[in-house]
Every structure is written in structure tokens, then in C-alpha cells.
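Take the sequence shown: its position 34, counting from 1, is numbered 34 in UniProt numbering, and each next residue is one higher.
The structure appears right after this line, and notes come after that.
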Amino acid sequence: MRVLYLHQHFSLPAGATATRAFAMARALLARGHAVTLACGRYAGATTGLESLAFRGGRRTGRVAGLDLVEFAIPCGNAQGIAARSAAFLAFAAAAAPLALRRSWDVVVASSTPLTVALPALLAARLRGTPFVFEIRDPWPELPRALGGVPRPLLAAMEPLATAACRRAAAVVALSEGMAETAIARGADPGRVAVVPNGCDLDLFGPQVAPWRPPEAASREVLAVYAGAHGRANGLDRLLDAAAWLQARGERHLRLVLAGEGAEKPALVARAAREGLGNVTFLDPLPKTRLAALLAGSQIGVQCLAPVPAFAEWTAPNKLMDYLAAGLPVVSNLPGRAARLLADGPCGVSVPPGDAAALGAALAALAADPERRRRLGAAARAQAVRRWDRRLLAERFCAVVEAAARSRDAAGAAATVPQPGRAG
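This is how it looks when you write it as C-alpha cells:
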């Protein structure tokens with residue numbers, strides 16, 4: 001079948017951002033389908049088309065078997081709301097003609113941003129093309145819970161989110177909580193499948209040669225946070241924990257924060273101002289380099305702002321990377337993440353917003369190498385047993401293939417495979 005895959009933030013593993021779309025698209029290719037993937041220019045991403053010039057606002061090429069269309073639309077976490085909103089709308093406008101130009105068997109619209117659903121809805125209405133709506137973060141539910149997003153923007157998202165959930169031939173959610181938001185918007189539960197983020201067991205794991213930043217002393221235990229540095233990530237709490245540790249004379253633990261985002265300059269300035277010598281900031285790392293950093297570290301850190309909705313409405317990639325690398329995890333996120341870490345157990349959960357508890361948990365693990373070994377072994381075992389991305393990709397492909405069999409103009413119901421939800 002002919003698949004149009006819309007994901008504005010696409011990257012190859014050589015980039016420094018999430019690679020789920022690449023893995024799912026490659027799985028579709030392996031099943032004999034022709035896949036065209038359309039994306040924008042996302043900060044930290046690598047598309048494989050960097051050597052080509054943009055012509056008419058786009059560049060195209062064949063990358064890893066994919067027909068790739070990259071639009072010259074910059075976007076990134078460091079941008080403000082207005083700039084990002086403009087980029088989201090620009091991508092939707094650029095992708096719409098592509099969605100309407102050919103007779104696709106199915107369109108996959110991967111959100112965020114929510115606006116990626118617009119070309120898919122147009123193709124469903126005007127050409128009768130069924131589409132799969134993938135919810136990576138529930139919008140507008142999540143930005144409303146976080147706060148700080150103008151009400152007119154939230155109001156504009158409401159009808160779009162509802163239409164995407166109701167009109168999609170299938171909805172893919174990354175967690176049970178996200179699936180519930182789709183059902184609440186009118187999606188038929190029989191058309192909603194949970195396909196979580198998974199672990200790249202080939203990229204991360206004990207086979208990777210370790211690397212540590214040069215400022216890390218050999219005696220130091222490295223606790224790594226690898227991900228976005230935005231308001232939602234609550235990294236001020238992690239610096240609070242660093243200050244708590246330093247004030248108590250902890251000298252055997254270093255916090256390493258790798259990534260970028262709108263809050264990073266303020267975080268770096270604060271660490272310098274307060275003399276937090278136990279904190280290292282790194283630029284975003286290509287996945288292969290990140291794998292080496294995790295191999296050279298002893299603890300993975302999952303940190304989010306203390307927003308109750310995050311408990312079930314988030315599915316962080318970084319958590320899967322830590323598990324695949326065999327790292328014990330310290331997390332301040334309750335709900336789904338806490339349940340996941342209790343399996344084994346393979347990590348420690350502390351109350352949201354409690355910097356002292358976060359610091360104490362990190363210090364306790366730093367002082368107990370045998371416990372770190374046990375938790376890390378359980379993390380890798382869980383990654384292999386439950387979160388192998390190759391198995392999850394097969395489930396994703398089955399959902400897309402079922403959706404393609406639905407061909408009426410409304411994106412009619414197609415019962416998607418339900419091999420058992422993982423939360």
C-alpha cells in the first residue's frame with residue numbers, strides 16, 4: 001500500500017531527537033509498503049537530506065528506503081509560542097497539497113503538533129483517504145494543564161482535536177491515559193490502540209563503549225537527564241536537588257543535563273550564579289553519542305514539572321532509553337512512570353516537586369553500587385521483555401494496515417488490532 005506519513009519533527013538516529021517515526025516507517029517498509037514521509041526542519045533533527053538545497057521551499061530524496069519530503073520550516077523547543085504556532089500552521093499548509101495530490105491508501109498523522117491532523121482531515125474529506133491519528137501528547141489537554149498557553153489558542157485546538165479523534169480510521173495513543181482522552185472526544189474505543197514508546201535495544205545497551213564528559217572525575221557517579229529543557233520538564237527542581245546535595249557535602253555525584261530548550265539559558269545561568277559545581281550541561285547529542293554517555297553513566301533521571309496530568313498523559317522517550325541502557329532510574333513522575341519503575345523494581349520514584357526527596361534518592365543510589373547493579377539489570381530485562389521497539393512497531397503496522405482497509409470519505413470505522421494494551 002501507499003502510505004503518507006506526516007511527522008513534523010522527524011529525525012534519523014544520527015540526530016539528537018526522538019526517532020519513533022523513523023522506526024515505525026522502516027517497519028512499514030519491511031512489510032512491503034511504499035512510504036513517503038513529510039517533515040519540517042526540527043532543531044536537533046537529522047533527515048539525511050542536509051547536502052541538498054531547498055527548492056521551492058522543500059527538498060526531497062530517498063533516505064533508508066523512505067521517500068522523504070522536508071519542508072524549509074524551522075521549528076524547535078527554544079522558540080516562543082508565537083514562532084512555534086506559526087511553524088505548525090506553515091507545515092500543515094505545506095503538507096496539505098501533498099496529502100491531496102496523490103491517491104494514498106492511508107495517511108499517518110503523528111501529533112504533536114496537533115495541526116498535523118489538518119492535512120489528514122482534508123484528505124479524508126476531499127479524497128476519501130483514511131487516516132491514522134497518532135497522539136504523542138494530548139493537545140489541548142496537556143498544554144491547558146501546564147498553563148501559560150493563551151486561551152484563544154486552546155479554544156482553537158478543541159474542535160481540531162475532536163475532529164481528528166472522531167474522523168480517524170484509527171487512533172494510536174502512546175499511553176492508556178492518552179487513549180482515554182481520545183475516547184472522551186468521541187473516538188470509538190474499538191478504533192483506539194495503545195502503542196507505547198519502545199526501546200532501541202541495538203542502539204542502547206551493554207554492547208556500547210562508554211563515554212563521559214571530561215569534567216567528570218573517575219570517582220563520580222553520573223546521573224544523566226537527557227531531553228528537552230522546557231517549562232514542562234521542571235528542571236529547576238533538578239537544580240534544587242543539586243543545591244541540596246552540594247549543601248550537604250555530597251562530592252561523589254554529578255548531574256549531567258543533555259539537551260536544549262527555551263529554559264536552558266536560565267538554567268545554565270542559575271547553575272553558574274549559585275556555583276553548582278556538581279552540574280554539567282551538554283548540547284543535544286546524536287543518539288549514538290547519547291548511547292555512549294548512558295553507557296558511561298550510572299543513573300538515569302526522569303524529571304517533569306509537578307503537573308498532575310503528567311502522571312498518565314506523558315510517555316517520555318528518555319525513560320525507554322535509560323531502560324534499554326540498563327540504568328536504574330530516579331523519577332519524580334507518579335502514575336505510569338512510577339508503575340513502570342516498580343516492575344523489577346528498576347528504579348525509584350519520589351514525590352513530584354520534592355527536591356530534597358529527589359536529591360536524597362540520587363545520593364542513596366550513588367552510595368550503593370550493588371543496588372544500582374540490581375536495578376539496572378532489572379531495567380534492561382524489562383526493556384527486553386516489554387518494550388522492544390521492533391515488537392511494538394509490528395503492532396503499529398497492523399493498526400495502519402487495518403485503517404487502510406477503510407475507504408469512505410468519513411474515515412469509516414475499522415476495528416484495529418488489540419493485542420493487549422501496555423501502560
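Cβ coordinates follow ideal geometry from the N, Cα and C atoms, glycine included.
Remember, it's a predicted structure, so these values are computed and weren't measured experimentally.
Have a look at Ala25, Met1 and Arg2 and flag the residue whose alpha-carbon is nearest the alpha-carbon of Leu12.
Nearest option by C-alpha distance: Ala25.
Is the Cβ-Cβ distance between Leu222 and Leu239 less than 8 angstroms?
no
Between which two residues does the beta strand (DSSP E) containing Arg2 stretch?
Arg2 to Leu6
Are at least three pairs of beta-carbons, each pair with one atom in the segment 115-125 and one in the segment 150-168, less than 8 angstroms apart?
Result yes; three or more Cβ-Cβ pairs closer than 8 angstroms.
If you run the structure through DSSP and keep just helix, strand and coil, what is Gln246?
helix
Check for me: the beta strand (DSSP E) holding Ser111 runs from which residue to which?
Val106 to Ser111
Delimiting residues of the alpha helix (DSSP H) encompassing Asp321
Asn317 to Ala324
Is the CB-CB distance between Ala393 and Ala27 below 8 angstroms?
Closer than 8 angstroms, so yes.
If I measure Cβ to Cβ from Ala18 and keep anything under 6 angstroms in the same chain, skipping five residues before and after, which residues do I get?
Around Ala18, the same chain offers Asn317 as residues with beta carbons nearer than 6 angstroms, after the five sequence neighbours per side are excluded.
Quick one: residues in its chain with C-beta nearer than 6 angstroms to the C-beta of Gly76, no 5 flanking neighbours on either side, listed in chain order?
In its chain, beyond the 5 residues on either side, Ala43 have a beta carbon closer than 6 angstroms to the beta carbon of Gly76.
What residue from Thr60, Ala45, Gly80 and Gln8 has the CA that sits closest to Ala262's CA?
Gly80
Return the chain-ordered list of same chain residues with a C-beta closer than 6 angstroms to the C-beta of Phe281, the five sequence neighbours on each side being excluded.
Leu257 and Val268
Start-end ranges of the alpha helix (DSSP H) lying completely within the segment 198-255, minimum 4 residues:
Whole alpha helix (DSSP H) segments, 4+ residues: 235-247.
Please classify Thr36: does DSSP put it in a helix, a strand, or coil?
strand
Considering only residues of the segment 61-106, which uninterrupted beta strand (DSSP E) runs meet the minimum length of 3 residues and lie entirely inside it, listed in chain order?
66-75
For Pro308, count neighbouring Cβ atoms within 10 angstroms of its own Cβ and tell me buried if that reaches 16, exposed if not.
Pro308 is classed as exposed because its beta carbon has fewer than 16 other beta carbons within 10 Å across all chains shown.
Classification of Pro351 by the beta-carbon crowding that lies within 10 angstroms, buried from 16 upward:
Counting of Cβ neighbours within 10 angstroms places Pro351 among the exposed residues, the total staying below 16.
Span of the beta strand (DSSP E) holding Gly300?
Ile299 to Gln302
Whether Val63 touches Leu52 by CB criterion (8 angstroms):
no
Can at least three beta-carbon pairs, one atom from the segment 227-244 and one from the segment 201-214, be found at a separation below 8 angstroms?
The segment 227-244 is not in contact with the segment 201-214.
Residue from Arg339, Leu37, Asn197 and Glu180 with nearest C-alpha to Gly190:
Glu180
Using CA atoms only, rank isn't needed, just tell me which of Gly65, Pro196, Leu66 and Gly56 is closest to Ile73.
With distances taken between CA atoms, Ile73 lies nearest to Gly56 out of Gly65, Pro196, Leu66 and Gly56.
Give me the residue from Pro284, Ala242, Arg251 and Leu294 with the minimum Cα distance to Ala272.
Checking every option, the nearest Cα to that of Ala272 belongs to Ala242.
I'd like to know whether the C-beta atoms of Asp137 and Thr112 end up nearer to each other than 8 angstroms.
yes
Pairwise C-alpha distance: Arg20 and Val384:
17 angstroms
Below 7 angstroms, is the gap between the Cβ of Pro119 and the nearest heavy atom of the ligand MG?
Summarising the ligand content, the structure contains no ligands, and the ligand MG is consequently not present.
Near Glu70, which residues of its chain fall below 6 angstroms by C-beta distance, leaving aside the five closest residues on each side in sequence?
Apart from the 5 residues on each side of it in sequence, Glu70 sits with its Cβ closer than 6 angstroms to the Cβ of Cys39, Thr47, Leu49 and Arg59 in its chain, given in chain order.
What's the gap between the Cα of Val172 and the Cα of Ile183?
So the alpha carbons of these two residues sit roughly 11 angstroms apart.
Residues bridged to Glu134 [DSSP beta-bridge criterion]
Ser110 and Val172
May I ask you to verify whether the segment 372-380 touches the segment 149-164, counting CB pairs closer than 8 angstroms and requiring at least 3?
no
Locate the beta strand (DSSP E) running through Ala193, then write down its first and last residues.
Val192 to Val194
Nearest-angstrom beta carbon gap, Pro328 and Leu375 [assumed within contact, 8 angstroms]:
Contact between Leu375 and Pro328 holds: their C-beta atoms lie close to 3 angstroms from each other, under 8 angstroms.
By how many angstroms is the C-alpha of Ala366 removed from the C-alpha of Gly344?
19 angstroms
Backbone secondary structure at Val350 - three-state DSSP:
coil
Proximity to Ala145 [Cα-Cα], best of Val106, Val195, Arg231 and Tyr5:
Arg231
Quick one, are the C-beta atoms of Cys199 and Arg336 less than 8 angstroms apart?
Between Cys199 and Arg336, the CB-CB gap reaches or exceeds 8 angstroms.
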